[in-house]
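Just so you know, the sequences run in chain order C and F. When we follow the numbering used here, the leftmost residue of the first sequence carries the number 1, and every step to the right adds one. When we follow the numbering used here, the leftmost residue of the second sequence carries the number 113, and every step to the right adds one. Positions of the beta carbon are idealized from the N, C-alpha and C atoms, including for glycine.
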Amino acid sequence: QKEVEQNSGPLSVPEGAIASLNCTYSDRGSQSFFWYRQYSGKSPELIMFIYSNGDKEDGRFTAQLNKASQYVSLLIRDSQPSDSATYLCAVNIQEYGNKLVFGAGTILRVKS
Amino acid sequence: GAGVSQSPSNKVTEKGKDVELRCDPISGHTALYWYRQSLGQGLEFLIYFQGNSAPDKSGLPSDRFSAERTGGSVSTLTIQRTQQEDSAVYLCASSLGGYSAGANVLTFGAGSRLTVL
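(1) Just the Cα atoms here: how many angstroms apart are S185 of chain F and R134 of chain F?
(2) Based on Cα-Cα distance, which residue from C:P10, C:V91, C:G9 lies nearest to W35 of chain C?
(3) Please confirm if F61 of chain C has its CB atom under 7 Å from at least one CB of chain F.
(4) Does the segment 74-85 of chain C come into contact with the segment 164-177 of chain F, if we say contact requires no fewer than three beta-carbon pairs (one atom in each stretch) closer than 8 Å?
(5) Please list, in chain order, the chain A residues whose beta carbon lies closer than 7 Å to that of A104 of chain C.
(6) Just verifying my parser: in three-state terms, what is the DSSP assignment at S82 of chain C?
(7) For a contact meaning CB atoms closer than 9 Å, what does G221 of chain F contact in chain C?
(8) Less than 7 Å separating the beta-carbons of S52 of chain C and Q64 of chain C?
(9) So what's Q196 of chain F in DSSP terms, helix, strand or just coil?
(10) If contacts are defined as beta-carbon pairs under 8 Å, then T227 of chain F and V131 of chain F qualify, I think. What distance do you get, rounded to the angstrom?
(11) Exposed or buried, what is P120 of chain F when buried is set at 16 or more other beta-carbons lying within 10 Å of its beta-carbon?
(12) Taking just the CA atoms, how far does F220 of chain F sit from P44 of chain C?
(13) From this set, C:Q6, C:S12, C:Q38, C:T62, which residue's C-alpha is nearest S26 of chain C's C-alpha?
(14) Residues in the same chain with beta-carbon distance under 8 Å from G115 of chain F, minus the five sequence neighbours each way, listed in chain order, please.
(15) Determine, using beta carbons only, whether Y160 of chain F comes closer than 7 Å to chain C.
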């Protein structure tokens with residue numbers, strides 16, 4: 001089992017809709033969870049991180065964490081064409097001194 | 113520095129030559145990562161440093177790849193006897209490290225694009 005799993009997509013949503021991106025992880029000891037966005041030809045950039053169960057909101061973005069189910073998600077409200085990118089989930093793995101492990105990413109396409 | 117600096121930004125080399133890629137992390141960041149990303153692919157983990165030591169070298173593709181970090185700061189990734197399949201963007205990222213809140217927030221450099229002819 002991969003340490004961090006994401007559906008590769010592409011996930012296509014119409015402009016203005018809610019995009020829901022999902023991620024599961026294998027290490028029950030993980031404490032830190034991150035969402036990064038990567039535009040084509042660019043480096044990944046941090047969107048937000050979450051440590052506690054529940055929801056964390058930042059503008060149009062909401063991260064949701066459920067440690068019991070080992071599941072973290074990212075909701076993007078009022079999706080815009082500029083949100084079209086690859087979204088990477090990252091989770092800290094206690095082994096190897098708290099290393100950060102990335103999923104393969106989900107491609108999101110927002111159609112106008 | 114203000115951000116993670118990588119050099120060179122572009123490198124074209126001939127098959128069989130050695131190349132060295134450099135990463136200068138954000139000042140004070142103890143954790144440093146190297147990733148490789150081929151066109152249209154995800155991030156491939158290469159190596160992770162905590163300070164000058166590398167707790168996890170499991171991602172290095174072969175013994176042609178090596179990396180070091182000195183003084184807890186600058187890191188170099190060396191690829192010996194380059195092959196065409198080594199062509200990719202090599203990304204470096206750094207974080208504060210440790211276990212405190214925000215310690216694992218990674219900041220990425222712009223990458224070094226390697227092309228092996």
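Reading it off the structure:
(1) Here residue 185 of chain F corresponds to residue number 73 of the second sequence, with the count starting at 1. Here residue 134 of chain F corresponds to residue number 22 of the second sequence, with the count starting at 1. Going by the C-alpha atoms only, they are around 11 Å apart.
(2) By 1-based counting over the first sequence, the position of residue 35 of chain C is 35. Closest option to W35 of chain C, Cα to Cα, is C:V91.
(3) Within the first sequence, numbered from 1, the residue matching residue 61 of chain C stands at position 61. By this cut-off, F61 of chain C is not an interface position.
(4) no
(5) The chain inventory of the structure shown lacks chain A, comprising the protein chains C and F.
(6) If you number the first sequence from 1, residue 82 of chain C lands on position 82. Here S82 of chain C sits in helix by DSSP.
(7) Residue mapping note: residue 221 of chain F aligns to position 109 of the second sequence, counting from 1. Result: S43.
(8) Within the first sequence, numbered from 1, the residue matching residue 52 of chain C stands at position 52. Within the first sequence, numbered from 1, the residue matching residue 64 of chain C stands at position 64. Cβ atoms of S52 of chain C and Q64 of chain C: not closer than 7 Å.
(9) The sequence position of residue 196 of chain F within the second sequence is 84, counting from 1. Of the three classes helix, strand and coil, the one that applies to Q196 of chain F here is helix, per DSSP.
(10) Position 115 of the second sequence, counted from the first residue, corresponds to residue 227 of chain F. Position 19 of the second sequence, counted from the first residue, corresponds to residue 131 of chain F. So it is not a contact: roughly 10 Å between Cβ atoms.
(11) Position 8 of the second sequence, counted from the start, is the residue given in the question as residue 120 of chain F. By the 10 Å Cβ count, P120 of chain F comes out exposed.
(12) Counting from 1 along the first sequence, the entry for residue 44 of chain C is found at position 44. Counting from 1 along the second sequence, the entry for residue 220 of chain F is found at position 108. Those two C-alpha atoms are separated by around 7 Å.
(13) For the purposes of this step, residue 26 of chain C is taken as the residue at position 26 of the first sequence. Here the closest residue by C-alpha is C:Q6.
(14) The residue you call residue 115 of chain F lines up with position 3 of the second sequence. I138, T219, G221, listed in sequence order.
(15) Indexing the second sequence from 1 puts residue 160 of chain F at position 48. Yes, because at least one Cβ of chain C sits closer than 7 Å to the Cβ of Y160 of chain F.
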